[in-house]
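Engineer:
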Amino acid sequence: MWYLRSSVRSECREIRTIPAKPTSSIASTMQQMSISFGVASAGLATAFFVPRVRSNPAEMIHGVHEALVVLGGFTILFTVIFSKLKSGDGQNVSQQKVVHAE
0 MWYLRSSVRS
10 ECREIRTIPA
20 KPTSSIASTM
30 QQMSISFGVA
40 SAGLATAFFV
50 PRVRSNPAEM
60 IHGVHEALVV
70 LGGFTILFTV
80 IFSKLKSGDG
90 QNVSQQKVVH
100 AE
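In numbering that gives the first Met the number 0, the protein residues as written are 0 to 101.
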């Protein structure tokens, strides 16, 4: 058990000494922004389907269900669109070089 703890500590020390690359922070920022846009669009969809006047809980739940169905439809639509991308799409923009492991 002591060997496992010392091994984990040495691994953590090695991870801390590796400098962070700027691309990882950009990717992290983009990931956080996409999550934020997803939450905002879900809120807008819900606000669109929920009744604006005073309503009972059943009408509110029905509006939320309609919003979830629409968001699910968008998810399926974008899944179909992104599944048509080829593996080399976007390489001109990112200037990424393909490295083959042998």
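Note that CB positions come from ideal geometry on N, CA and C, so glycine has one too. Bear in mind that the values here come from a model prediction, so they are computed numbers and not experimental data.
Using 10 angstroms around the beta-carbon of G62, count the other beta-carbons present and answer buried if the total reaches 16, otherwise exposed.
Structural biologist: It counts as buried.
Engineer: Is S40 helix, strand or coil when you go by DSSP?
Structural biologist: Note: S40 maps to helix in three-state DSSP.
Engineer: What residue does the alpha helix (DSSP H) around G72 start on, and which one ends it?
Structural biologist: Run containing G72: 56-82, per the alpha helix (DSSP H) assignment.
Engineer: Would you verify that the beta carbon of P56 is, or is not, closer than 8 Å to some beta carbon of chain B?
Structural biologist: Structure shown: chain B not included; a single protein chain is present.
Engineer: Give me the residue from V68, F77, F73 with the minimum Cα distance to F48.
Structural biologist: The option with the nearest alpha carbon to F48 is V68.
Engineer: Nearest-angstrom Cα distance between N154 and A39?
Structural biologist: Here the chain has residues from 0 to 101 only, and residue 154 is not among them.
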